[in-house]
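Peer 1: Structure incoming, see below.
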Ligand code: 4AD
Ligand code: MG
């Protein structure tokens, strides 16, 4: 019996097993918020209706105590989940009285140190449920489309995405790398099965702390024989829209719980704009507007707004603090004002962060050098102008991976495509059409200073039945982060691995 199914047991007696998420006492009554992993519901212990022993035990339950209870399911629209359980008997599996994550606000470092417990909180619960729905939707989409799921090795002998962020390990005395991408193997598998996808752990040594980078993440990499860059973009669009729709259809409760405004997710069901690198650069530098909005001017206006707000919030904090300090204020009113001040201060912190960030974005957008890769702040600048993911394709070949095909009409560009999520999130997908010409690949492998011998097996694919093909890689955590509108990618995976974080 799980809490998510209570609606089917109205008026009936049920047994629930779970953990105490909250407890509140009032005379003769104990209110327990019970969570069992499937949901949360309020369970009421009434001194007149249960044994004295059970009632006393109920009153002693600390956060995360484990219990089993019997009770009657009553409809109550005011309660979370719409039902309440009137307890008839209660068995304590374990009393807990010192659960470290109390109700009060904790700093993020403390919460990360206690990630094994933090996962139990409502917000983390909702995020992981959404992640689960996304994973299921990904498989559903590709299976429906006739793709075969295949797995690429984790120990690899080749670098796929450059040599700067490889994790080297010892493989029976020889160096091996943890996979940066399953793509090269995906290409081999696509030549055998037509359309395949891999879904596996991926490793990048990123010795910097950003809100977008993990050292270990999960990547979905479809690879399709006989696809060009445009068909690849069509597939990316229908794939992402399928996943977004599944989440909107089946995660309403979770999205509400994390207070995700779903407007942008809804608007992302329309066509994704496809911009060439050249167009994207013009937009970032403010040389080209998007629907009448200029990147630089809109950032400057926003900065002015943020500064005005900082001024307003600061004076409200000062006023309330002065009122509290003055004599004569009632206790309840003091409490009310103190809570209000705490909220205002956290708003202020966010505004000040924007006040620091926006000028940096403006600077880097103005100074963007044509020919460079887009940096995190450039992606932020451009994606804030759209209410839908955008696809940027045809990149200067020098900044992209060795395996990308050159545009046959303009050899300056490689047929790569990045999908950038709106609201400032930036890259969630990287992919493209693959080079089919063996000599071009050899030249690139040499140019990238990669060991040719290790790539001979890959070059076989260009010698035996080489056909046009394309594919892409979606970073699961980047997608979860955007869809849940998280501030940092670390909350999108159960146990993040990143620079400075190996435990728990
Ligand atoms: O753009 P990337 O490096 O592309 C590839 O690896 C290709 N071989 C994929 C392919 O075409 N089959 O990585 C793909 C995606 C990025 O767009 C991003 O979403 C995610 O993987 N990603 C990361 N996510 C979290 N932390 C990191 N350090 C990431 N690096 C890449
Ligand atoms: Mg990329």
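Residue numbers (the numbering used here): 12 to 515.
Glycine included, every Cβ here is placed at the ideal spot set by N, Cα and C.
1) Go ahead and pull the three-state DSSP assignment for residue 454.
2) From what residue to what residue does the alpha helix (DSSP H) around residue 196 run?
3) Tell me, to the nearest whole angstrom, how far the beta carbon of residue 226 is from that of residue 509; I am working on the premise that it is less than 8 angstroms.
4) Can residue 228 be considered in contact with the ligand 4AD, in the sense that its beta carbon sits closer than 7 angstroms to one or more heavy atoms?
5) Among the candidates 47, 51, 484, 72, whose CA atom is the shortest distance from the CA of residue 35?
6) If you compare alpha carbons, which of 350, 463, 287 is closest to residue 384?
7) Tell whether a beta-carbon distance below 8 angstroms holds between residue 142 and residue 496.
8) To which residues of the same chain is residue 205 closer than 7 angstroms at the C-beta, ignoring the five residues directly before and after it?
9) Scan the stretch 365 to 438 and note each continuous alpha helix (DSSP H) run of 4 residues or more that stays entirely inside, going in chain order.
10) For the ligand MG, enumerate in chain order all residues having a CB closer than 7 angstroms to any of its heavy atoms.
11) If we define contact as Cβ-Cβ less than 8 angstroms, is residue 133 a contact residue for chain B?
12) Quick check: the Cα distance between residue 59 and residue 108, rounded to an integer number of angstroms?
13) What is the rounded straight-line gap between the Cα of residue 301 and the Cα of residue 248?
14) Do you know how far the Cα of residue 443 is from the Cα of residue 486?
15) Please classify residue 44: is it buried, with 16 or more other beta-carbons within 10 angstroms of its beta-carbon, or exposed?
16) Buried or exposed, going by whether 16 or more other CB atoms sit within 10 Å of the CB of residue 104?
17) When burial is assigned at 16 or more other CB atoms within 10 Å of the CB, is residue 436 buried or exposed?
18) Nearest by alpha-carbon distance to residue 102: which of 94, 111, 76, 83 is it?
19) Distance check for residue 48 and residue 122, CA to CA, integer angstroms please.
20) Candidates 113, 243, 213, 354: which alpha carbon is nearest residue 428's?
21) How would you call residue 433, buried or exposed, if buried means at least 16 neighbouring beta carbons within 10 angstroms?
22) Could you tell me the distance, in whole angstroms, from the CA atom of residue 65 to the CA atom of residue 100?
23) Per DSSP, residue 209 is paired with what?
24) Please state the DSSP three-state secondary structure of residue 357.
Peer 2: According to the data block:
1) As a working mapping, residue 454 is identified with position 443 in the chain shown. In this structure, residue 454 counts as helix in the three-state DSSP scheme.
2) Sequence index remark: in the chain shown, residue 196 carries index 185 (1-based). Taken as a continuous stretch (DSSP letters only), the alpha helix (DSSP H) holding residue 196 covers 194 to 204.
3) Reading the chain shown from its first residue, position 215 is the one you call residue 226. Reading the chain shown from its first residue, position 498 is the one you call residue 509. With 8 angstroms as the limit, residue 226 and residue 509 qualify as a contact, their Cβ atoms being about 5 angstroms apart.
4) Sequence index remark: in the chain shown, residue 228 carries index 217 (1-based). Yes, the ligand 4AD has a heavy atom inside 7 angstroms of this Cβ.
5) Working through the chain shown from its first residue, we reach residue 35 at position 24. Nearest of 47, 51, 484, 72 to residue 35, Cα basis: 72.
6) In the chain shown, the residue the question calls residue 384 occupies position 373. Comparing Cα-Cα distances from residue 384 to each of 350, 463, 287, the minimum goes to 287.
7) Here the question's residue 142 lines up with position 131 in the chain shown. Here the question's residue 496 lines up with position 485 in the chain shown. Contact: no.
8) Mapped onto the chain shown, residue 205 falls at position 194. Counting only Cβ-Cβ distances below 7 angstroms, and skipping sequence neighbours, we find 236.
9) 387 to 394
10) 429, 438, 441
11) Reference to chain B is not applicable here, since this structure consists of a single protein chain.
12) Taking the first residue of the chain shown as 1, we reach residue 59 at position 48. Taking the first residue of the chain shown as 1, we reach residue 108 at position 97. Straight-line Cα distance between these residues: approximately 26 angstroms.
13) If you number the chain shown from 1, residue 301 lands on position 290. If you number the chain shown from 1, residue 248 lands on position 237. Cα to Cα, residue 301 sits roughly 20 angstroms from residue 248.
14) Walking along the chain shown from the start, residue 486 turns up at place 475. Walking along the chain shown from the start, residue 443 turns up at place 432. Residue 486 and residue 443: Cα-Cα distance of roughly 15 angstroms.
15) As a working mapping, residue 44 is identified with position 33 in the chain shown. Flag for residue 44 reads buried.
16) The sequence position of residue 104 within the chain shown is 93, counting from 1. By the neighbour-count rule (16 or more Cβ atoms within 10 Å), residue 104 is not buried but exposed.
17) On the chain shown, position 425 is the one that residue 436 refers to. Buried.
18) Position 91 of the chain shown, counted from the first residue, corresponds to residue 102. Closest by alpha carbon: 76.
19) Numbered from 1 along the chain shown, position 111 holds the residue referred to as residue 122. Numbered from 1 along the chain shown, position 37 holds the residue referred to as residue 48. If you take the alpha carbons of residue 122 and residue 48, they lie about 19 angstroms apart.
20) As a first step, residue 428 must be located in the chain shown, where it is residue number 417. With distances taken between Cα atoms, residue 428 lies closest to 243.
21) Counted from its first residue, the chain shown places residue 433 at position 422. With 16 or more Cβ atoms within 10 Å of its Cβ, residue 433 is classed as buried.
22) To locate residue 65, count along the chain shown from 1; it is residue 54. To locate residue 100, count along the chain shown from 1; it is residue 89. Distance between the alpha carbons of residue 65 and residue 100: 7 angstroms.
23) Along the chain shown, read from residue 1 onward, the residue named residue 209 stands at position 198. Answer by DSSP bridge pairing, in chain order: 232.
24) To locate residue 357, count along the chain shown from 1; it is residue 346. Helix.
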